[in-house]
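Numbering (our numbering), first residue to last: 673 to 866. Here the structure comes first, spelled out in structure tokens, and everything after it is commentary.
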């Protein structure tokens, strides 16, 4: 499932946005994620919206929904080497989409409360929403090879040691195990500063 949403973010939103407006940054919405510049595209657990037009995702490929939205599918070229691995011909799967999007929405709200002056960005290459403050990354990942489900993370640019830091890149906890995301980010800031 992560690959499908990740593929949509990268191939249908970020790539066309980069080719049109020169940015790959995406934003979290109340029910999904969207572009920050033209073209106006938004993904929810069941649909792609091109402006006000709803395009159902079920039973379709990434390329089919891109064509219906009037965009050429494709990742931003020349910016990064890793990504979703998705292709335009991939079928869209919706299992788990609501959980991933709910984790992103909760994470976005916690990040905005944690650092009101920062704007969280959904990055299409790693498919995580995050901010960087004082050389520490804070955010929510949809899941990856390290943790196969949505997780909250604190990633200092310089490694730290101690019981809080449980991953090579810093600290990570499955979202389902974190009762208070804001408290997790605050604890990460406190520990990163010591």
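All residues carry an ideal CB built from backbone N, CA and C; glycine is no exception. Bear in mind that the values here come from a model prediction, so they are computed numbers and not experimental data.
In the three-state scheme derived from DSSP, where H, G and I count as helix and E and B as strand, residue 850 is classed as coil.
Going by DSSP, residue 800 is part of the beta strand (DSSP E) stretching over 800–805. Judged by DSSP secondary structure, residue 772 falls within the alpha helix (DSSP H) whose first and last residues are 769–786. Of the other Cβ atoms in all chains shown, 16 or more fall within 10 Å of the Cβ of residue 714; this residue is therefore buried. Measuring C-alpha to C-alpha distances from residue 753 to each of 835, 804, 814, 796 identifies 796 as the nearest. Within the segment 694–740, no run of alpha helix (DSSP H) at least 4 residues long lies entirely inside it. Taking a cut-off of 8 Å for Cβ pairs, the segment 736–751 and the segment 719–726 touch, as three or more such pairs fall below it. If you draw a 10 Å sphere on the C-beta of residue 683, you find 16 or more other C-beta atoms in it, and that means buried.
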